[in-house]
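Report on the structure given below.
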Amino acid sequence: MKFSVDEFRAWKHKCVTLLGMSGVGKTYLSAMLRRNDWFHYSGDYRIGTRYLDEPILDLIKAQAMREPFLRELLRRDWIAIRNNIKVTDLGPVLSFIGKLGNPEQGGLPLDEFNRRQALYREAEIAAMLDLPDFVRKAQDIYSYAHLVNDVGGSLCELDEPRVIEMLAKHSLILYIRVPEVDEIKLIQRAQADPKPLYYRPEFLQVAVKDYLALKSLDYVAEIDPDDFTRWVFPRLFHSRVPRYEAIARPYGYTVSSEDVAQVRDEQDFLLLIESAIAKAETVRS
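Per the working numbering, the sequence shown starts with residue 2, numbered consecutively.
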């Protein structure tokens, strides 16, 4: 959706998609807006509770079946296992994605890692295509005036045009750009606590080849999972920036993570968007 400032102000039921890397403030804004009559639609929460719920449970059960005591309880249906994913704690989703590398260090073999990556991609696509239904539900069932769509940092990696076109049709896309001065800080935070990530297959193939050569390793099974995740993150970050911008230029608006850090309430957020709209109108004219 494209707006003038007046059109945005008059938009009765606002729907904003927050686009950008993990750590730029998407969830911070979403949590703040949730306290101000906005429905928080978390893409990863939807993925974990709807589209990857069964694969996650299957993974947990497979691990539990290795323990003789738990195996007997599960086989007799004397215990049940369920996901307890929260919007603020998506641990089961991250555990399912996993990290590539040495199984003795908690890593996954390449084939299994690729399988889970593919499942996650399909789940993210499905979760984003659910947005129009949740816009309706937010109003008709839960009586929220507005909706904020908190998408995963990997949205730009999906290579699925229909997702972007749908988001642009049903929401205002707000890209949160990281200024160069803050790039190092974001990268350092990610490297200090390496988390499982989604990679485009082509990107991963090249990254693995380069890492093996750099570390003089012969097999993926020799990779230290955390070390690879730390090493690859700057590459991933810089590969995603032009992809975000390719979405934001024709379909959305851009603000900086510095500006997001100054937002304290709903009014600040709305003014931030209005400023981005005004700036885009000036550039077009």
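Each residue gets a CB set at the ideal place from its N, CA and C atoms; glycine is no exception.
This one's a predicted model, so the numbers in the text were calculated from it and none came from an experiment.
- When the five nearest sequence neighbours on each side are left out, no beta carbon in the same chain lies closer than 6 angstroms to the beta carbon of Ser144.
- Put simply, of Arg241, Arg265, Lys87 and Met22 the residue whose alpha carbon is nearest the alpha carbon of Arg47 is Lys87.
- Ile80 and Leu74 have their C-alpha atoms spaced approximately 6 angstroms apart.
- Check the Cα spacing between Gln189 and each of Gly253, Arg236 and Leu95: the tightest is with Arg236.
- Annotated as proximal: Asp151 and Thr28, with beta-carbon spacing under 8 angstroms.
- In this structure Glu125 is buried. Its beta-carbon is surrounded by 16 or more other beta-carbon atoms within 10 angstroms.
- DSSP, read as helix, strand or coil, puts Lys87 in strand.
- Per the coordinates, the alpha-carbon of Lys280 lies some 55 angstroms from the alpha-carbon of Ala65.
- With distances taken between CA atoms, Ala277 lies nearest to Leu173 out of Asp219, Arg36, Leu173 and Leu213.
- Here DSSP, grouped into helix, strand and coil, assigns Tyr29 to helix.
- In the structure shown, the three-state DSSP call for Ser96 is helix.
- The distance from the Cβ of Val221 to that of Pro110 is about 7 angstroms, consistent with a contact at the 8 angstroms cut-off.
- Scanning its chain for C-beta atoms nearer than 7 angstroms, with the 5 sequence neighbours on each side dropped, one finds around Thr255 the residues Tyr176, Arg178, Ala249 and Ala277, in chain order.
- As DSSP reads the structure, Asn150 sits in a beta bridge with Thr18 and Tyr42.
- Assignment of Tyr245 by DSSP, reduced to helix, strand and coil, places it in the helix class.
- Between Tyr245 and Leu148 the beta-carbon gap is near 21 angstroms, outside 8 angstroms, which marks them as no contact.
- A direct Cα-to-Cα measurement between Lys210 and Ala32 gives close to 39 angstroms.
- With contacts defined by Cβ atoms closer than 8 angstroms, Val233 and Ala208 form a contacting pair.
- At least 8 angstroms separates the beta-carbon of Pro226 from that of Leu120.
- Per DSSP, Tyr121 is one residue of the alpha helix (DSSP H) stretching across Leu111 to Leu130.
- Straight through space, the alpha carbons of Tyr199 and Ala214 are spaced by roughly 22 angstroms.
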